[in-house]
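Just below is one structure, and these are the notes that go with it.
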Amino acid sequence: MITITLPDGSQREVAKGTSAMEIASSISEGLARNVLSASVNGVVVDANRPIETNATLKLHTWNDEDGKSTMWHSSAHLMAEALEAHYPGIKLAIGPPIENGFYYDVDFGEVEFSQADFAKVEKTMLELARQKNEYIRKEVSKQDALAYFTEKGDQYKLELIDGLNDGEITFYTQGNFTDLCRGPHIPNTGFIKAAKLLNVAGAYWRGDEKNKMLTRVYAITFPKQSELEDYLKLLEEAKKRDHRKLGKELGLFTFSQKVGSGLPLWLPKGADLRMRLVAFLTQAQKKMGYVQVITPHIGSKELYVTSGHWEKYGKDSFQPISTPQEGELYMLKPMNCPHHCEIFKSEPRSYRDLPIRMAEFGTVYRYEQTGELHGLTRVRGFTQDDAHIFCTADQVKHEVGKVIDLVLYIFKTLDFPDFLAQVSLRDPNNPSKYIGSDENWEKAERGIQEVANEKGLKTVVEYGEAAFYGPKLDFMVRDAIGRKWQLGTVQIDYNLPERFELEYTGADNAKHRPVMIHRAPFGSLERFVAILIEHCAGQFPLWLTPEQVRILPVSEKYNDYARKVATELNSYDIRALFDERNEKVGKKIRDAEVEKVTYMLIVGEEEQAGNTVSARKKGEGDLGKMSIESFAQKVDAEIKAMLAE
RNA sequence: GCCGUUGUAGCUCAGGGGUAGAGCACUUCCUUGGUAAGGAAGAGGUCAGGGGUUCAAUUCCCCUCAACGGCUCCA
Numbered sequence: 005m006i007t008i009t010l011p012d013g014s015q016r017e018v019a020k021g022t023s024a025m026e027i028a029s030s031i032s033e034g035l036a037r038n039v040l041s042a043s044v045n046g047v048v049v050d051a052n053r054p055i056e057t058n059a060t061l062k063l064h065t066w067n068d069e070d071g072k073s074t075m076w077h078s079s080a081h082l083m084a085e086a087l088e089a090h091y092p093g094i095k096l097a098i099g100p101p102i103e104n105g106f107y108y109d110v111d112f113g114e115v116e117f118s119q120a121d122f123a124k125v126e127k128t129m130l131e132l133a134r135q136k137n138e139y140i141r142k143e144v145s146k147q148d149a150l151a152y153f154t155e156k157g158d159q160y161k162l163e164l165i166d167g168l169n170d171g172e173i174t175f176y177t178q179g180n181f182t183d184l185c186r187g188p189h190i191p192n193t194g195f196i197k198a199a200k201l202l203n204v205a206g207a208y209w210r211g212d213e214k215n216k217m218l219t220r221v222y223a224i225t226f227p228k229q230s231e232l233e234d235y236l237k238l239l240e241e242a243k244k245r246d247h248r249k250l251g252k253e254l255g256l257f258t259f260s261q262k263v264g265s266g267l268p269l270w271l272p273k274g275a276d277l278r279m280r281l282v283a284f285l286t287q288a289q290k291k292m293g294y295v296q297v298i299t300p301h302i303g304s305k306e307l308y309v310t311s312g313h314w315e316k317y318g319k320d321s322f323q324p325i326s327t328p329q330e331g332e333l334y335m336l337k338p339m340n341c342p343h344h345c346e347i348f349k350s351e352p353r354s355y356r357d358l359p360i361r362m363a364e365f366g367t368v369y370r371y372e373q374t375g376e377l378h379g380l381t382r383v384r385g386f387t388q389d390d391a392h393i394f395c396t397a398d399q400v401k402h403e404v405g406k407v408i409d410l411v412l413y414i415f416k417t418l419d420f421p422d423f424l425a426q427v428s429l430r431d432p433n434n435p436s437k438y439i440g441s442d443e444n445w446e447k448a449e450r451g452i453q454e455v456a457n458e459k460g461l462k463t464v465v466e467y468g469e470a471a472f473y474g475p476k477l478d479f480m481v482r483d484a485i486g487r488k489w490q491l492g493t494v495q496i497d498y499n500l501p502e503r504f505e506l507e508y509t510g511a512d513n514a515k516h517r518p519v520m521i522h523r524a525p526f527g528s529l530e531r532f533v534a535i536l537i538e539h540c541a542g543q544f545p546l547w548l549t550p551e552q553v554r555i556l557p558v559s560e561k562y563n564d565y566a567r568k569v570a571t572e573l574n575s576y577d578i579r580a581l582f583d584e585r586n587e588k589v590g591k592k593i594r595d596a597e598v599e600k601v602t603y604m605l606i607v608g609e610e611e612q613a614g615n616t617v618s619a620r621k622k623g624e625g626d627l628g629k630m631s632i633e634s635f636a637q638k639v640d641a642e643i644k645a646m647l648a649e
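Residue numbers (our numbering): 5 to 649.
Right under this line is the structure:
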């Protein structure tokens with residue numbers, strides 16, 4: 005007998021060799037019907053694998069992540085089986101589960117596989133699923149494994165097997181399909197009740213662009229048809245939040261082929277929104293002791309030779325421009341820090357001056373490959389809400405803490421709860437690729453982690469992700485379609501102070517090297533606005549939205565009064581426009597709602613006579629009559645509450 | 001940069017070898033209205049750009065550009 009400990013701490017005595025599935029059955033038949041896989045001593049395995057020793061056991065169902073990935077991993081095999089049925093002779097590479105579904109990388113040879121072929125594959129998948137074929141695990145020797153895929157002529161599997169040790173190779177077979185696989189898998193294909201191929205894309209074998217490009221087929225499956233329908237609805241909803249669509253609809257920004265790709269043009273409403281964000285951040289920074297500087301859009305190539313950027317990124321950047329007579333070379337500014345270093349150097353600095361927090365909304369230009377450009381999130385010209393903090397090594401932790409406070413304040417004000425802080429540290433196996441003393445690194449790495457914990461951030465630590473010049477803390481958020489983007493960043497830098505020979509005079513009257521902290525709470529205004537649009541689905545917070553109030557005269561007869569109301573609201577610093585079109589008020593309301601104007605003020609005979617307005621809030625409806633002044637106070641109070649620290 | 005898809009009016013899209021259509025938006029007129037679409041008329045397109053096949057190309061073929069979905073990259 006062996007002892008099985010369940011997550012609730014309860015224990016069961018079962019015969020050696022009992023499977024998780026059998027234990028599930030003994031708990032309840034309903035549970036057994038839903039078990040997809042199990043964790044035995046923390047390792048995810050097939051639910052029907054015999055358990056041989058005392059163990060902790062967790063059963064995975066569709067309701068937990070491990071259950072889902074098991075299901076999707078098995079679904080990848082099912083899709084492969086279906087694809088082979090339609091396209092005999094295709095070569096299969098890898099087919100893992102991903103966050104939402106799974107994919108399989110396939111070498112279709114000469115065959116073109118496109119969206120038009122999805123339906124038949126889905127149909128076959130479901131037919132195969134209905135057969136409830138079991139996923140059968142088999143341990144095979146390396147020799148046998150190689151022999152099987154040599155016979156099948158699948159060089160990708162052979163390459164994978166090549167990298168495996170004899171004795172750790174397993175095959176899984178379901179129906180007529182056998183695949184090299186570590187597992188685990190769901191008990192049988194019958195759990196898969198709905199399948200949808202989502203898209204196809206090119207993907208290099210082993211992610212290396214020197215290798216052959218395979219066809220990656222993305223798909224997703226569900227244990228219920230209705231869940232698939234819900235998921236597809238969710239995708240539709242997400243598409244409506246896409247900042248590229250909303251940006252166009254709301255008149256925020258545009259692109260012009262003639263101006264160049266990746267170069268956004270901010271329209272009046274977008275520019276208004278952006279300037280408001282800048283004003284908001286400028287004010288917050290001012291309170292935190294930042295000073296503002298301004299530097300040009302180009303800088304001598306020598307500046308970037310000194311900073312090291314030329315050597316590291318010069319070939320992959322916009323190439324230098326030269327002066328017509330002298331042939332001097334200038335770079336479009338890819339980053340602001342070298343300029344800021346020179347400002348630091350412009351006068352002697354004392355330890356009493358530190359920290360110096362030098363901020364600039366600096367527009368930078370970076371070459372991005374054409375295939376990489378993406379709305380406002382990935383562009384070639386963008387404005388960073390940049391700042392560089394020059395401080396002593398002892399001040400680093402405190403300063404990083406203050407930056408985190410700033411980021412948290414911003415995220416809170418913008419109602420942005422869903423972000424992850426990624427702490428990027430050195431690769432412990434490769435210490436030589438980093439510059440700066442061990443002592444400083446350790447202090448900085450420890451400092452960043454401590455302060456992130458003190459501030460209560462939800463963090464993940466990534467080893468080896470640090471920049472060569474220092475550790476960093478990045479704020480990651482997701483867009484409407486679930487893609488991850490980096491917004492804010494805090495980076496500690498020992499490199500530039502060295503390269504630019506920055507120094508300050510210490511209390512000991514000796515020269516010391518400052519530490520530099522790069523930080524950008526938004527990251528870039530472009531990317532931030534993009535994420536903000538998707539986050540609030542275009543319905544910006546009242547303090548930020550370009551048009552806070554629209555006045556809707558009931559008929560043209562009241563246009564003069566509407567204009568008067570608008571002017572009066574403007575005098576209270578409220579952004580109000582009025583709709584003077586010859587339309588019925590119902591139409592004007594609809595248009596204002598569609599354009600996401602927060603407040604609508606309906607004015608007609610009664611309002612004109614009483615010097616009042618009838619307020620209506622988007623999504624809520626009629627708020628009743630009130631004086632212009634009390635409406636203005638209401639808006640003002642609402643905004644003040646939003647911006648409270 | 002690579003693989004795939006797409007490109008028709010300001011927007012969303014239909015069409016299709018015989019030089020274009022709808023809805024919305026826009027302009028004008030009628031209507032002067034009370035909480036999510038009043039009516040009529042009008043204007044607007046080298047069918048992304050270039051080349052080829054053809055009596056004839058927006059339609060078929062090739063190239064370029066751009067956008068989209070990924071991959072690689074990313075200061």
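Cβ atoms here follow ideal geometry from the backbone N, Cα and C, with glycine treated the same way.
Notebook entry, point to check: In three-state DSSP terms, what is M520?
Noted result: Three-state DSSP puts M520 in a strand.
Item checked: Segment contact flag, the segment 448-468 with the segment 397-410, C-beta cutoff 8 Å, min 3 pairs -> yes
Check: Does the beta-carbon of R620 have 16 or more other beta-carbons within 10 angstroms, so that it is buried, or is it exposed?
Finding: buried
Item checked: Opposing strand residues paired with V607 [DSSP bridges] -> P557
Item checked: 9 Å Cβ cutoff met for A511 and G474 -> no
Check: Quick one, are the C-beta atoms of E466 and V427 less than 9 Å apart?
Finding: yes
Next item on the list: Run through the segment 135-175 for me and flag every whole beta strand (DSSP E) of 3 or more residues, listed as ranges in chain order.
Entry: 140-143
Next item on the list: Assign E647 to buried or exposed, taking buried as 16 or more other Cβ atoms, counted over all protein chains shown, within 10 Å of its Cβ.
Entry: The sequence as given places Leu at residue 647; Glu does not occur at that position. L647 is exposed by the Cβ-count criterion.
Notebook entry, point to check: Of the residues F365, S79 and Q388, which one's Cα is nearest the Cα of H189?
Noted result: Answer by Cα proximity: S79.
Margin query: If you reduce the DSSP assignment to three classes, tell me which class W66 lands in.
Written below: coil
Checklist line | Exposure label - G211; buried when at least 16 CB within 10 Å | finding: exposed
Item checked: Check whether G179 and E85 have beta carbons under 9 Å apart -> yes
Note to self: Can you confirm whether the segment 206-224 touches the segment 94-114 when touching is taken to mean that 3 or more C-beta pairs between the two stretches lie within less than 8 Å?
What the structure shows: Flag = yes, the segment 94-114 and the segment 206-224 touch.
Next item on the list: Return the Cβ separation of V404 and V455 in integer angstroms, given the expectation that the two are a contact with Cβ distance under 8 Å.
Entry: In this structure V404 is in contact with V455, their Cβ atoms being roughly 5 Å apart against a cut-off of 8 Å.
Next item on the list: Assign R37 to one of three DSSP states: helix, strand, or coil.
Entry: helix
Checklist line | Per-residue burial, H64 [other beta carbons within 10 Å of its own, 16 or more giving buried] | finding: buried
Next item on the list: Can you grab the Cα-Cα spacing for the pair A652 / R220, in whole Å?
Entry: There is no way to answer for residue 652, as the model of the chain reaches only from 5 to 649.
Notebook entry, point to check: Can you tell me where the beta strand (DSSP E) with N203 in it begins and where it stops?
Noted result: A198 to Y208
Check: Does DSSP put C395 in a helix, a strand or coil?
Finding: strand
Checklist line | Reduced DSSP secondary structure (H/G/I, E/B, other) of M129 | finding: helix
Margin query: Let me make sure I understand the geometry here. Which of F195, F181 and Y176 has the alpha-carbon closest to that of G187?
Written below: Y176
Notebook entry, point to check: For S464 versus L546, is the C-beta spacing smaller than 9 Å?
Noted result: Looking at the sequence itself, residue 464 is Val, so the reference to Ser does not match. Their beta carbons are not under 9 Å apart, which means V464 does not touch L546 by this criterion.
Notebook entry, point to check: For I298, does the three-state DSSP call read helix, strand or coil?
Noted result: I298 falls in the coil class under three-state DSSP.
Note to self: Considering only DSSP beta bridges, list what I55 is partnered with.
What the structure shows: The partner list for I55 (beta bridge, DSSP) reads T22.
Margin query: Nearest by alpha-carbon distance to A51: which of A24, F117 and P432 is it?
Written below: A24
Margin query: Output needed for V282: all residues of its chain with C-beta closer than 8 Å, excluding positions within five of it in sequence on either side, in chain order.
Written below: F365, D389 and L529
Notebook entry, point to check: How many angstroms separate the CA atom of N192 from the CA atom of V39?
Noted result: 11 Å
Note to self: Let's test the definition: count the other Cβ atoms within 10 Å of the Cβ of A19 and tell me whether it reaches 16, buried, or not, exposed.
What the structure shows: By the 10 Å Cβ count, A19 comes out exposed.
Next item on the list: Kindly indicate which three-state DSSP category S265 falls into: helix, strand or coil?
Entry: Here S265 sits in coil by DSSP.
Notebook entry, point to check: Exposed or buried, M75, counting other C-beta atoms within 10 Å across all chains shown (16 or more means buried)?
Noted result: Around the beta carbon of M75, a 10 Å sphere encloses 16 or more other beta carbons of the protein chains shown; the residue is thus reported as buried.
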